[in-house]
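Residue numbers (the numbering used here), protein chains in the order written: chain L, -3 to 202; chain W, 206 to 1020. Each residue gets a CB set at the ideal place from its N, CA and C atoms; glycine is no exception. These numbers come from a predicted model, not from an experiment. Each remark here refers to the structure printed beneath this line.
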């Protein structure tokens, strides 16, 4: 059928959202924030995902990652890194017959056994020991087919970041303009250098 | 005041799981999942609010937004949902948390009092003034999280009786002097507490669309103008910027420093009104509006496909009168691929276009999946033929009150050549050698699948993580807790006989534990006839009641036959002082050669139940899984990374044939933090440091060994699927599919091929760690011969063509 009536109907609904400056800040968490908020940055394969309720009564999902390497924090190759994040993997029946629905809330990363990941781990909660990735699901990247992507399709990872001139390779510069999955090579290369050469503290990445 | 540095933060932290545009966040965990809901027949649901000195402070310590203002915003936000005329839902502030619990101000220090107890019927709303609840209890950064809400307790009838929400007071912008912007966070979070999931109708246009990567309120490329989040960069030409009022409240993002936050504080977009009305419908809603339902299927016209957004837009009011639903939203991936969607609440007499769209940002209960082939409109000639079913052709659907119109959608694609079929929300683990049946797990539950019957779930007391099928798929090897004593044991399951236990060595009393419970033995493989089974069994060697102690010979390989029952395979050469376990995990089709592992590092084998052969000691083999039907060809993964074929009828060096593998840098990149070692150090350096071959593990082979599948690489490469074809050698699966012109596989990177049919022409596998599998029919493949693409059979036709000089692949895809 003819498209025109459908297209014309769209036009009246368009109004300016706001100033360009406001709009340009539309982002969840960028890489600088992820690195800064991380206690550990490590890569590896998810070995197990279980859930339960702690002695304190807190529902949790426990994740164990077999470490391949770490860009931040002391983690030996082939060691295991285990943490608990808030929430169950699925509802559980309580002793009194009711159901506990407190599964990991939206925005927390989801974990699958065997997936290969790069994680930016936030510090643990002082009172519960719970922890998860910095920037929540923003800080968990899955490696598939040589590419990495977080749950938000890498939206905003390089927004509002400036790198010192000449710091990045050509392919890394190209990655900054990429939408969707990044090359695993370029992403890990950039993260590795940013951490080891302290780009944030010395102002090369701001 | 406390500000946040970030303009837009995720509204995510909302509850668990989430789901469709217009859909439930959580559903019951049974074969016919139903959304958890509040009982609105009891009248208004009580809301209990937090106290404290302020909701947020200014920089100088003065109150920026008071607790009273926070309460006003709370009631305002609930009123947005209360005022949806087609919904019966209502909730109102009934008191304070202090009145109910004695806690005057919930902070990180006492948050456990709320989250580890049942506090009572209603919504419990916490004002996290300093972000300490988020940081000190949840362990999440207050800079990134605006709020967390979820239904917390349901009764035995799946009725929600308690829900919580925490609102981040620290994360309020300085320009939000009245709290009207952060109000969007309140309304969104309470939506989750009501059990609404995320949705994507217009939010992607309002937040994600830009001039160099535009998004459309329709199918891209079909004449619809894009709408942009903002007018930047303007050198790309004129832009249509979005009115924030079009953004649905339940979109995953919010701009709480500006108009987006204010816009999302109201429930003005039809998608949100439909969402709550679906869970809490009035009688008028049930009868006074139109609906569209259908299923999304792959190009085969049968296999359903979950996780794609389906949107209906009114052709006369496409932005404000639009409703979305995710395919499979009601089952949320719990029972397998589900392409069903239903879009309610459509205005009678109005015309709607229906189309497919990928979910752009996460946070939906059914994992978002990529569109196979192309996005398209539904039209009256809907089908899979790209020629007759143009993606841009659409047929408007006129809504009628009280009626549901049918509109099934089918992905387009060509039928000839390799058929690459994704099976979402499923983990296929084995393909019967006849190539017609397969099995696997969905959310931990076992299932079988074939092209004609579709999915059939196995009994819930059966686990199938390591399950296998016999040659024709009639006997399925599982573990079963038949007596429901909490200890499972190997069993054979069949349609006709149900579960047949195979026994164990512990009297079904104890064993090892796993995510699926305790097992006295674990079944790993079954031969073609279904008469020989191998696996790992537990023993209580020292009689101390524990059956899983390492270094005592308590974890041993078993073999089972109908005549001899379950008995141990030979381990007389194993030094249990230094070794922990031995298992048998594969068996040849004729049942004569069993393969296994010693401590997960040394490959071992048994021929006709003879003495254990240590293939690690002989050739450095670390993996043995793939064997020909007669067991005379076994593909071994080695320490060197290449693959060795082993023939047990020969001895010495003559028993082994090197068939190579995939190579670092040539086939698999070698990446370290901070560098691509192949580029920066050179191929020779990588090969000298890490070896030439990229650690290929063969998983399965055809009856005669002409086709072998496996996986190469490591973490850095993200793993690469591999296939070996006699006369061609090894190639990556990406290369295999690309040269065959399998467009559907271009973005899939099937890196975990697990099982192959007897002829080698059919294969199942998936992506390591992802809940998606692929069933691949390679019966027809192409070669390039004298400049023409010629179709031939696989593997024999292909092998013969290559022998005579043809190139593998379609001519037009060779480069």
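- The beta-carbon of residue 71 (chain L) is placed no less than 8 Å from the nearest beta-carbon of chain W.
- One Cα belongs to residue 242 (chain W), the other to residue 98 (chain L), and the distance between them is close to 15 Å.
- The stretch 1000 to 1016 of chain W makes contact with the stretch 970 to 990 of chain W: 3 or more CB pairs, one atom from each, lie closer than 8 Å.
- Taking 8 Å as the CB threshold, residue 321 (chain W) lines the interface with chain L.
- By the neighbour-count criterion, in which 16 or more other beta carbons inside 10 Å mark a residue as buried, residue 980 (chain W) falls on the buried side.
- Every unbroken stretch of the beta strand (DSSP E) spanning 3 or more residues and falling wholly within the stretch 444 to 502 of chain W is given here in chain order: 458 to 460 and 495 to 502.
- Residue 884 (chain W): member of the alpha helix (DSSP H) spanning 882 to 885, first to last residue.
- Only residues of its own chain outside the window of five on either side were considered, and among them 636, 637, 638, 639, 640, 907 and 968 have a CB closer than 8 Å to the CB of residue 962 (chain W), listed in chain order.
- Taking the Cα of residue 42 (chain L) as reference, the smallest distance to any Cα among L:54, L:177, L:74 and L:101 is reached at L:74.
- With a threshold of 8 Å between beta carbons, residue 378 (chain W) makes no contact with chain L.
- Inter-residue distance for residue 525 (chain W) and residue 453 (chain W) is about 9 Å (C-alpha atoms, whole angstroms).
- Per DSSP, residue 888 (chain W) lies in no beta strand (DSSP E) segment; the continuous alpha helix (DSSP H) that holds it begins and ends at 888 to 895.
- Residue pairing of residue 36 (chain L) in beta bridges, as defined by DSSP: L:117.
- Look at residue 392 (chain W) here: in three-state DSSP terms it is helix.
- Closest in alpha carbon position to residue 873 (chain W), among W:852, W:911, W:917 and W:840, is W:917.
- Counting only the Cα atoms, residue 496 (chain W) lies some 28 Å from residue 355 (chain W).
- With a cut-off of 8 Å on Cβ pairs, the stretch 550 to 560 of chain W is in contact with the stretch 513 to 521 of chain W, counting three or more such pairs.
- For the pair residue 76 (chain L) and residue 62 (chain L), the CB atoms are nearer than the 8 Å cut-off.
- By alpha-carbon distance to residue 372 (chain W), the top candidate from W:691, W:272 and W:444 is W:272.
- Rounded to the nearest angstrom, the Cβ distance from residue 469 (chain W) to residue 389 (chain W) is 4 Å, consistent with a contact under 8 Å.
- DSSP, read as helix, strand or coil, puts residue 518 (chain W) in strand.
- Against chain W, the CB of residue 149 (chain L) has a partner CB under 8 Å away; the residue lies at that interface.
- Flagged as an interface residue toward chain W: residue 82 (chain L), by a C-beta distance shorter than 8 Å.
- According to the DSSP assignment, residue 961 (chain W) belongs to the beta strand (DSSP E) that extends over 957 to 961.
- Sixteen is the threshold: when 16 or more other Cβ atoms of the shown chains lie within 10 Å of the Cβ of residue 531 (chain W), as they do, the residue is buried.
- Residue 753 (chain W) counts as buried, since no fewer than 16 other beta carbons sit within 10 angstroms of its beta carbon.
- Secondary structure at residue 75 (chain L): coil, using DSSP grouped into helix, strand and coil.
- Its Cα nearest to that of residue 734 (chain W), the residue W:673 stands out among W:673, W:691 and W:773.
- In this chain, the alpha helix (DSSP H) harbouring residue 166 (chain L) covers 166 to 172.
- With contacts defined as CB atoms closer than 8 Å, residue 740 (chain W) and residue 727 (chain W) qualify as a contacting pair.
- For residue 96 (chain L), the chain W residues whose C-beta falls within less than 8 Å of its own C-beta are 357 and 358, listed in chain order.
- Cβ-Cβ distances below 8 Å link residue 790 (chain W) to 671, 729, 730, 739, 740, 741, 800, 801, 802 and 830 in the same chain, with the five nearest sequence neighbours on each side left out; the list follows chain order.
- The Cβ of residue 25 (chain L) sits closer than 8 Å to at least one Cβ of chain W.
- At least one beta carbon of chain W lies nearer than 8 Å to the beta carbon of residue 185 (chain L).
- Per DSSP, reduced to three states, the secondary structure at residue 1001 (chain W) is helical.
- Legend: CB atoms of the stretch 309 to 337 of chain W lying less than 8 Å from CB atoms of chain L belong to residues 313, 314, 316, 317, 320, 321, 322 and 323.
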